[in-house]
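J.:
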Amino acid sequence: DARVTQTPRHKVTEMGQEVTMRCQPILGHNTVFWYRQTMMQGLELLAYFRNRAPLDDSGMPKDRFSAEMPDATLATLKIQPSEPRDSAVYFCASGLVLDRWGNEQFFGPGTRLTVL
Amino acid sequence: SQQGEEDPQALSIQEGENATMNCSYKTSINNLQWYRQNSGRGLVHLILIRSNEREKHSGRLRVTLDTSKKSSSLLITASRAADTASYFCATDPPDTGRRALTFGSGTRLQVQP
């Protein structure tokens, strides 16, 4: 039963600290996405990778956020320095796009981040 | 910014009744997808409808798409308490190299046993 895994599931940190979230996409998928979910803003796309190359990170605050895929089995989202407004649930999703019609995305369980 | 907007924002029904949720969007799409999110969990894909399709079924789910009105509806028939969740529509833009979904704000469905 293939699943997207994310670590940690919960993270509480203090303002100014570095936070790293990790995601293992489903083996064989060629797209990886990072989303942030808050009550106020809903689900927002932060970054999108296709075949490990970053295609869109326009939704990500560049001064403090960075997203990478060091290899096909690992995607990371880093916040440095973290701020209280970064408190949210961060979801990773992966998918397999083969044709112009696109395909479903499989979501991980999320990382609930609280910045004090 | 959110492309899809669901209506209603919240819906409460009795078990056995049908639930209908609507989604409106603004720009052209490649496909439209519906996802379910249980409280505290990740999103789960329910159904994908392509821009050249008008209706699709999956079990107790029926999705319609009207590209002329830029709207879609999700019907859950014979609802169950386990259907209690938030439901999101997500639009997939035409392939400009940016194959990322844009999610609506969701409909919170409560099914009373």
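Residue numbers (my numbering), protein chains in the order written: chain A, 177 to 292; chain B, -18 to 94. The beta carbon of each residue, even a glycine, is placed where N, CA and C say it ideally should be.
Between W210 of chain A and chain B, is there a C-beta pair that is closer than 7 Å?
T.: It does not: the Cβ of W210 of chain A has no partner Cβ on chain B nearer than 7 Å.
J.: Do we get a CB-CB distance below 7 Å when we pair P237 of chain A with the residues of chain B?
T.: Cβ-Cβ to chain B under 7 Å: no for P237 of chain A.
J.: For L29 of chain B, go through chain A and note every residue whose CB falls closer than 9 Å to its CB, in chain order.
T.: Ordered by position in chain A, the residues that pass the 9 Å Cβ test against L29 of chain B are W277, G278, N279 and E280.
J.: For T249 of chain A, which residues does DSSP report across the bridge?
T.: Paired residues: none, contrary to the question.
J.: Should G87 of chain B be labelled buried (16 or more other beta-carbon atoms within 10 Å of its own) or exposed?
T.: Counting Cβ neighbours within 10 Å, G87 of chain B comes out buried, since at least 16 surround it.
J.: Examine chain B for any beta-carbon lying closer than 7 Å to the beta-carbon of P260 of chain A, and answer yes or no.
T.: False, the Cβ-Cβ gap to chain B never drops below 7 Å.
J.: So which residues on chain A does A81 of chain B lean against when the C-beta distance must stay under 7 Å?
T.: Near A81 of chain B (Cβ distances below 7 Å), the residues of chain A are F209, L221, Y224 and D232.
J.: Beta-carbon separation of L13 of chain B and T83 of chain B under 7 Å?
T.: Contact: no.
J.: Would you say F241 of chain A lies against chain B (beta-carbon separation less than 7 Å)?
T.: With 7 Å as the cut-off, F241 of chain A does not count as an interface residue toward chain B.
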